[in-house]
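Following: one structure in structure tokens, then a few remarks.
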Amino acid sequence: MPSKVFLVLLLTALGTDSVFSQSNEETYQGVSSLSYLMGDFQKEKALVAYSNPGDPRQFHLRQETKTAFLKLKEEYKKAHPEERQAPFIVSAYRSYSDQKSIWEDKYSGKKKMRETVTGKAPNEIVSLILEFSSAPGTSRHHWGTDIDINALENSYFEKGGKGEVFYNWMKQNAHKFGFCQPYTPKQDRGNKGYNEEKWHWSYAPLANRFQKDWVNAYKNGQLKLTGKFQGSEVLGNLPLEYVTSINPDCERIK
């Protein structure tokens with residue numbers, strides 16, 4: 283019997299579920315896909331640690347993301363030997379619990395935003411938070427694929443800023459290492475989603491898969507957010523809009 287025919291018969295006998303589950307096991311590192319997508323898992327199980335040289339802080343991310351970032355960092359240093367400061371990570375994986383704390387600190391007014399929450403209706407507060415912060419269970423930082431680099435202010439990367447040269451280099455070269463900037467100017471994304479974040483970069487080969495699976499889980503009703511944190515009852519379908527309103531260049535990276 284030809285080997286190809288035998289393989290087809292074998293896969294049929296095993297059933298497609300077993301084939302896909304093996305792929306799923308690799309992608310999700312043994313973590314339940316739903317728990318992974320929502321950032322509700324032990325980071326040590328699926329992620330690896332990373333520290334910037336001379337910095338005791340520890341960040342967690344996927345091994346694939348770490349490897350790609352190190353290659354990117356090395357190439358940037360080669361292209362700009364005059365630069366004393368190499369690219370460095372300021373934020374990576376955030377758990378569901380981490381994101382919930384950020385969200386509820388803003389919702390309650392404990393953490394200041396562009397405007398005060400005093401006197402605002404729940405939907406107005408949620409709209410204000412969503413300018414820059416994700417609802418728990420919807421953040422790309424849950425996946426270990428997304429990193430914030432060097433700073434958390436757009437001005438740092440703009441003309442005259444310390445990160446101007448780096449940002450311009452990233453726009454031209456980041457895709458070669460699998461990275462894209464998911465939150466470009468909103469007009470490039472149908473004026474939907476979060477505000478622009480020049481510091482936020484996503485390792486697209488994995489993030490694209492996770493985004494697709496997140497959308498399917500949400501649409502199928504498996505991923506539920508209502509009642510889990512303050513303001514969740516007024517979200518409606520905003521989570522779906524914000525998860526999918528990203529730079530279209532990201533999906534072109536394989």
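The numbering of the sequence shown is the working numbering, which starts it at 283 and goes up by one.
Just so you know, even glycine gets a beta-carbon here, dropped at the ideal spot from N, CA and C.
Just so we're clear, the structure is a prediction, and the values are computed from it rather than from any experiment.
Since D430 is in the beta strand (DSSP E), which residue starts that stretch and which ends it? 428 to 431
Which first and last residues belong to the alpha helix (DSSP H) in which I384 is found? 378 to 390
The stretch 375 to 387 contacting the stretch 423 to 438, beta-carbon criterion three pairs below 8 Å: yes
Should the stretch 396 to 404 be called in touch with the stretch 476 to 495, which here means at least 3 C-beta pairs below 8 Å? no
Tell me the start and end of each unbroken alpha helix (DSSP H) in the stretch 407 to 468 that is at least 4 residues and wholly inside, in chain order. 436 to 439, 446 to 455
What are the start and end residues of the alpha helix (DSSP H) that includes F492? 486 to 501
Rounded Cβ spacing between L412 and Y500 (contact assumed at less than 8 Å): Not confirmed; about 16 Å, so no contact.
For G513, which residues in the same chain have their Cβ closer than 7 Å to its Cβ, ignoring the five residues on either side in sequence? Y389, P404, I407, V408
Whole-number beta carbon distance between T420 and P521, since they are thought to touch under 8 Å: 5 Å
Is it buried or exposed for R548, if we count other Cβ within 10 angstroms and need 16 for buried? Because the chain spans 283 through 536 in this model, residue 548 falls outside it and cannot be assessed.
Bridge partners - V330, DSSP secondary structure assignment: L343
For the 8 Å Cβ check, are there 3 or more pairs between the stretch 444 to 454 and the stretch 304 to 314? no
Spatial distance of S484 from T398 (CA atoms): 31 Å
7 Å Cβ cutoff met for F341 and Y332: yes
Cα separation between K353 and V516? 42 Å
Under three-state DSSP, which class holds V525? helix
Under a Cβ-count criterion, where at least 16 other Cβ atoms within 10 Å of its own Cβ denotes burial, should A486 be classed as buried or exposed? buried
Who are the Cβ neighbours of K359 in its own chain at under 6 Å, not counting the five residues just before and after it? A368
Among N519, N490, S314, which has the Cα closest to the Cα of T574? Limits of the chain in this structure are 283 at one end and 536 at the other, which puts residue 574 out of reach.
What is the DSSP secondary structure of V516, reduced to helix, strand or coil? helix
By Cβ distance below 8 Å, which residues in the same chain neighbour E533 in space, the five residues on each side in sequence not counted? A486, N490
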